[in-house]
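In our numbering, the protein residues as written are 1 to 374.
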Ligand code: DAH
C-alpha cells in the first residue's frame, strides 16, 4: 500500500526537517549571491531549484505527509522556495544589466579612430582601356595579336613599304638600338604586328585574318600634354576575299559607337601612308558638340573641335598590295584593310582628360577613379 498512514512520523522525513530546509535555502542564497555571471547563475538555478534540487525533493515529500503535518511543512518549504526564486530573479536582473553594460563598452566603435588607410588601388585605365578595345573586336569575332616592343627594322619599316630611302622613315622619330648592325628598333607603331601576323599565319579562305593588336610604341618625342616618347596604339588588320573600304568604314563606325556612344561615327579624309592604298585619316564626330561645331549656348565655336564638328582619331586604308606581297599573301586573291590609332588619345576623348601625362604619372588618386571600370 502506498500513501500516508497514521503511523507516519514527519520528523523522520529528513528533507523536510526545518534545519534541512533552512540549510538548503541558505546554500541556494549563497550560491546565487556568488554567481558572477549569467552562465553561472544558470547552473545555480539548476542545482537549487531544478527537479533534483534539495528544495524540489522536499516539496515532493510534502504530499506523502499526513494531512495534519502538510500545512506546516508546506509553508516552510514554500517560503524557502519563494525566497530562493526571488533572489534568483533579482540576481538575474542585476547580472543582465551588468552584461549589457559590458557589451556596450566592449563592442563600442570609436568612429573618430582613423580608417584603414591602405588604398585598395585600381587597374590602370590604359590596361582596362586596351582590354575594352580588344573586347569590342573580340565580340565581332576578331582575335587579339601581340608582338615584341624591340622589333626588327625590316618588320617595323621595310615590310610595310617603308624602304630604306623612303622619306616617311625619317618622319617616324625612331629609337635605334646598339649595335646598329643588329637592325633592331623600339617599334615606332603597332603596324609591324600586321606583318608578323600575315607572315606567321598566312591566309586562306577558311582562315581569313581579323586581328586587333594593342601595344606599346616609342618615338623620340618631347614629353608634354599631347606627346610622350612612349605611348600605346591599337592596330587592326582584316585580310579576306572581297574586302572593301566599305567594310573598313563600317568597322570603324561600330568601334567609335561602342567606344564613345551611339551617334559618334567617323568620316574619312584622303591621306597617305606607305602601307595602305588608298589611305585616309579617320575623324570622329566631336563628342562634345556632337558635330554642331558650336558651344552649349550655340554662340561660339566648340572648344574641343575648334568649330570643326570633327576630331582626328587615327589613320587607315586598304592594305597596300606591296605589303601583302612582302608578307607572302596573294594580292590578286585577297585584299584587306588596316587602321591604327593612339590608345591614350582614345581614352582622353572617352574620359575628357586634358593632359596625356596624367596617364603616365602613376598618381593613385587618378587611377583609383577608374579602378572600378572593368
Ligand atoms: N602606323 C600608323 C602610325 O603610327 C597608323 C596607321 C595608319 C596604322 C594607317 C594603320 C593604317 O594600320 O592603315 O602613324
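All residues carry an ideal CB built from backbone N, CA and C; glycine is no exception.
Between the alpha carbons of residue 137 and residue 160 lies a distance of about 23 Å. For residue 96, the uninterrupted alpha helix (DSSP H) run begins and ends at 67 to 106, by DSSP. Around the Cβ of residue 197, a 10 Å sphere holds 16 or more other Cβ atoms; the residue is buried. Here residue 142 carries a coil assignment [DSSP, helix/strand/coil].
Residue 165 is classed as exposed because its beta carbon has fewer than 16 other beta carbons within 10 Å across all chains shown. Relative to the ligand DAH, the beta carbon of residue 273 is positioned inside 7 Å of a heavy atom. DSSP places residue 284 within a strand segment (E or B) once states are collapsed to three.
Note on geometry: alpha-carbon atoms of residue 311 and residue 271 lie some 15 Å from one another. In the three-state scheme derived from DSSP, where H, G and I count as helix and E and B as strand, residue 41 is classed as helix. Judged by beta-carbon spacing, residue 217 lies within the 8 Å limit of residue 232, meaning their Cβ atoms are closer than that value.
Restricting attention to beta strand (DSSP E) runs no shorter than 3 residues, the stretch 304 to 350 encloses them at 310 to 319, 335 to 342, ordered along the chain. Each residue's CA atom was taken as its position, placing residue 225 and residue 347 some 14 Å apart.
Annotation for residue 44: 31, 32, 35 place their beta carbon closer than 7 Å to its own, counting only its chain and skipping 5 residues before and after. When 179, 133, 41 are compared, the shortest CA-CA separation from residue 90 is found for 41.
Under the three-state reduction of DSSP output, residue 172 falls in the coil class, being neither helix nor strand.
Looking at 169, 84, 151, 190, the one whose alpha-carbon comes closest to that of residue 183 is 151.
If you draw a straight line from the Cα of residue 204 to the Cα of residue 329, it comes to about 9 Å. With respect to the 8 Å criterion, residue 288 and residue 252 are not classified as neighbours on the basis of their beta carbons. With respect to the C-alpha of residue 214, the residue from 39, 207, 237 having the closest C-alpha is 237. Residue 240 carries a strand assignment under DSSP once its states are collapsed to helix, strand and coil. The beta carbons of residue 338 and residue 317 sit about 7 Å from each other, so the pair counts as a contact at 8 Å. If you ignore the 5 residues before and after residue 275, its C-beta comes within less than 8 Å of the C-beta of 160, 161, 162, 191, 194, 317, 319, 320, 323, 338, all in its own chain and listed in chain order. Within the DSSP secondary-structure output, residue 269 pairs in a beta bridge with 281. Around the CB of residue 140, fewer than 16 other CB atoms lie within 10 Å, so the residue is classed as exposed.
Per DSSP, residue 152 is one residue of the beta strand (DSSP E) stretching across 150 to 152. When C-alpha distances from residue 22 are compared across 199, 51, 37, 84, the shortest belongs to 84. Put simply, of 24, 68, 75 the residue whose alpha carbon is nearest the alpha carbon of residue 57 is 24. By the Cβ test, the stretch 119 to 136 is in contact with the stretch 246 to 263, since at least three Cβ pairs between them sit closer than 8 Å.
For residue 257, the enclosing alpha helix (DSSP H) begins and ends at 245 to 260. By the neighbour-count criterion, in which a residue is buried when 16 or more other Cβ atoms sit within 10 angstroms of its Cβ, residue 189 is buried. At a Cβ-Cβ threshold of 8 Å, residue 49 and residue 70 do not count as neighbours.
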